[in-house]
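This report refers to the structure that appears directly beneath it.
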Amino acid sequence: MIARKIAVKGIVQGVGFRPFVYTQAIQNKLTGWVRNTSAGVEIEIHGDDTGINGFIRALQNTPPPLSVVDHVQIDEIPFVKYPGFEIKSSKTEDGSFIPISPDMVTCADCQKELFSPDNRRFRYPFINCTNCGPRFTIIKDIPYDRPKTTMSTFPLCKECNEEYENPLDRRFHAQPVACQQCGPTLELLINGESIAAADDAVLTARKMLAEGKIVAIKGLGGYQIACDAMNQASLQTLRSRKHRSDKPFALMAFNTDIIQKYVQTNDAELHVLSSSQNPIVILNRLANFTFPDEVAPSQNTYGFMLPTSPLHLLLLEPAPEMPEVLVMTSGNMSDEPIAYQDEDAFQRLSKITDAILTHNRPIHTRTDDSVQRIFNEKPYLIRRSRGYAPNPIRLQDELPPILATGAELKNTFCLLKDKYAFLSHHIGDMENYETLLSFEQGIKHFENIFRAQPESIAADLHPDYMATRYAVARTSQESLPLIQIQHHHAHLASVMADNHLPLNHEPIFGLIFDGTGLGTDRTIWGGEMLLGNAAGYQRLFHLQEMPLPGGDAGIKKPSRIALAYLWQNQLEWLEDLPVVQSLCADDKTMLNSMLQNQINTPLTSSMGRLFDAVAALIGIRAEVTYEGQAAIELENCMDHADSGVYDIPLDGTQIVLKPLFEQIIGDIYNNIPVSKISARFHRGIAELCLSAAEKVHAQYGSKLIGLSGGVWQNMSLLNLTYSKLTSAGFSCLVHQQVPTNDGGLSLGQSMAAAAFIKGIR
Ligand code: ZN
Ligand code: ZN
Ligand code: FE
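Per this note's numbering, residue 193 is the first one in the sequence shown, and the count goes up by one each step.
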């Protein structure tokens, strides 16, 4: 007879790990115990050779599907005679921590029970088990036990308690477990008055949606707003009440069969749609179908997701009178953060919606819906939030505790501990007080639940970013080192860490294309070709600097950017160019004097602005209502069959743009359609990337290339560049666990700061 003590680390709590251990111990005729600790799971097993080996094999090969095992430590201990196998109560250890599971979509077993009339949770909108349901959004503290979640105010009824206590039950220690008798309840509110409760609330909400009404719904991570995706009048009302003119709405359907009626899908996309993370997946439209324009104006794609929670399933359950597809957009007014606290939601959303479907299970942490695309059959994240956060990025090196505060737009923060980078949920655009507040609360919450006290803080170079100001204030208060990282260097470090490269990896060639980031020379960078790693970089090539009229505020007016770029290259503002016609005489006079006298026209090498300028120049869009709109429309009109390429030459460290503008203007005068001009421009940028890569290879020998920055959300550009580089023998790293936009920036900041602290060069 022998015995082993086993310590397991990773996501092993709230995912059915102890029931799994219990079952394996019984099957292998072992005695001993298992318990949760604040560091993971501890196991003692006593029995014969075959039993012990069988147990360890199962632990390593078939752990519960939602668990993520990072480390298993097995030690020999003396054999003791135990009466049986026991699940002991949890133990807290000072300073230790475990990763916390993200929220998970309703599992197949719970779905079946939800729609089984003989099940005691038939049509109960909060059904869940150890394999599914809310996690991160309801956790207030660790270890993950019911009293430390927002379920603490719902005492279990006798039947739920039996399931909760039974190691062989699917609901053993499922902290959010509940039923009609003991759990949260639904309510439908109109003007603050409750008009229906429980199942009636769902049925009434469905009826309202079918009639074209707009209904707010309390989802897992916050409130959403729903309406019939086919009802043009409802869509128009929603757009005007929400003050959201063009940004696409997300859609939700009951199952993938329905989704496939409306968009193209491949296996990888279906897989992500049906995953337990449940993101919105951006999918190409079918040629023969469109929703009313108001769903996603001027896009070639629709963003679809499957029902997240049992409540969503009940709302979308197919019926002849019910719309098959609902808009499911964020519960907010245009750029505000989404509402997640009830009082706030009632106040803000009653102006936008006709009714509010709410319940009394509080959301502790707001998490937006995540957004994904598929690139090369792999996930390519646009927004990493619900379903992913707070899952850590696993690192190659064990690193000191560092907090990185992230960017101004699409903010996330990142906290390092051991070999984990805990990247936060999507915080959002740091331009209003509520967002800043949730940023500060989020940081506090992460430091607490992961037991990490930062010893230094990393931030962007930009002194006016709210995140930088927070870092400056906090480091001076707590006497901590402040490490400021150049924006595009952080992007480079981010794509390297995202691809599991260690901190001291040899320099790679980074094609860092994005909107804006402050450069070390105080100009606005954004079309950057860097050679470097987490420890440092050289700025090898960059877009020729152009004046940006109006600075950051000027980003909303691509037509003015286009004219400024022409002016800088001594190209005339010819009256028959579409972009020149889009501005009135006064505008042009004012713009001209701003440029002549260098008034509020900071210089920029931004790639995002170049895309905006080209879109405006050929008359696609003169003004934008959301970031990236002009560039998206430029991409969408592209004629993929055209094989023309504009020449964009390198001169020294500069990427010279005058020839590009001359070629485009020439094509405009030759009546070449915008679809072909767009294609030639995209191909020109891809070709530029290849010629730069070849130069760098000849001079420095580097064949490894990293792509990062928001411009790489342009899938046509990404496809063209990636295939050009790889077919020329280069290896290309793209993002896979964190977004290529500023949502992934804090990961890179933390890596660069760690390299600095560790003295890596
Ligand atoms: Zn379940
Ligand atoms: Zn119950
Ligand atoms: Fe950026």
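Cβ coordinates follow ideal geometry from the N, Cα and C atoms, glycine included.
DSSP places Cys-352 in the helix class (H, G or I) of the three-state scheme. Sorting Ser-835, Leu-809, Val-816 by C-alpha distance to the C-alpha of Ile-856 places Leu-809 at the top. Straight-line spacing of the CA atoms in Thr-627 and Phe-538 works out to 19 Å. Annotation note: the segment 241–267 contains the following uninterrupted alpha helix (DSSP H) runs of length 4 or greater, listed N- to C-terminal: 241–253. In this chain, the beta strand (DSSP E) harbouring Cys-419 covers 415–420. Taken atom to atom, the span from the alpha-carbon of Phe-705 to that of Gln-905 is near 10 Å.
About 6 Å separates the CB atoms of Gly-811 and Val-771; that is less than 8 Å, so the two are in contact. With 16 or more other CB atoms across the displayed protein chains lying within 10 angstroms of its CB, Thr-708 is buried. Taken through DSSP and simplified to helix, strand or coil, Met-400 comes out as helix. Taking Asn-696 as the centre and dropping the five residues before and after it, the same chain places the C-beta of Ile-952 closer than 6 Å to its C-beta, in chain order.
Distance from the CA of Gln-216 to the CA of Glu-278, rounded to the nearest whole angstrom, comes to 12 Å. At a cut-off of 3 residues, the continuous stretches assigned as beta strand (DSSP E) that sit fully inside the segment 469–517 are 472–476, 493–497. Using a 10 angstroms sphere on the CB of Gln-428, the tally of other CB atoms stays under 16, which defines it as exposed.
By the Cβ neighbour-count rule, Ser-648 is buried, with 16 or more other Cβ atoms within 10 Å of its own. Following the DSSP letters along the chain, one finds Ser-923 inside the beta strand (DSSP E) bounded by residues 923–925.
Counting C-beta pairs with one atom in each stretch, the segment 299–318 and the segment 247–254 have fewer than three that are closer than 8 Å, which means they do not touch. Residue state for Ile-555 is assigned as coil, using DSSP reduced to three classes. Between the segment 417–427 and the segment 573–589 there are fewer than three inter-stretch CB-CB distances shorter than 8 Å, so the stretches are not counted as touching.
Bounds of any alpha helix (DSSP H) do not take in Gly-709; it lies within the beta strand (DSSP E) bounded by 700–710.
Counting only residues of its own chain and dropping the five nearest sequence neighbours on each side, Arg-477 has a CB closer than 7 Å to the CB of Val-455, Asn-492, Thr-493, Tyr-494.
When secondary structure is reduced to three states using DSSP, Arg-315 falls in the coil class, being assigned neither helix nor strand. Using a 10 angstroms sphere on the CB of Ala-920, the tally of other CB atoms stays under 16, which defines it as exposed. Counting only residues of its own chain and dropping the five nearest sequence neighbours on each side, Ser-293 has a CB closer than 6 Å to the CB of Ile-203, Gly-206, Val-207, Arg-327. Of the candidates Ala-547, Ile-266, Thr-284, Asp-361, the residue whose Cα lies closest to the Cα of Ala-389 is Ala-547. Here Gly-836 has Arg-872 as same chain residues with Cβ atoms under 6 Å from its own Cβ, once five neighbours each way along the sequence are excluded. Between the segment 567–580 and the segment 651–668 there are fewer than three C-beta pairs closer than 8 Å, too few to call the two in contact. Within the DSSP secondary-structure output, Ile-897 pairs in a beta bridge with Phe-701, Cys-924.
Here DSSP, grouped into helix, strand and coil, assigns His-889 to helix.
CA-to-CA, the gap between Glu-305 and Cys-321 works out to about 11 Å. Three or more Cβ pairs closer than 8 Å define a contact, and the segment 611–620 falls short of that threshold against the segment 714–727. Counted as a single uninterrupted DSSP element, the alpha helix (DSSP H) harbouring Gln-773 occupies residues 770–773. Val-888 is positioned such that its CB atom lies no closer than 9 Å to that of Val-687. DSSP places Leu-608 in the strand class (E or B) of the three-state scheme.
With contacts defined by Cβ atoms closer than 9 Å, Pro-291 and Phe-614 form a contacting pair.
For Asn-725, the secondary structure class from DSSP, reduced to helix, strand or coil, is strand. For the 9 Å CB-CB criterion, Leu-503 and Pro-317 form a contact.
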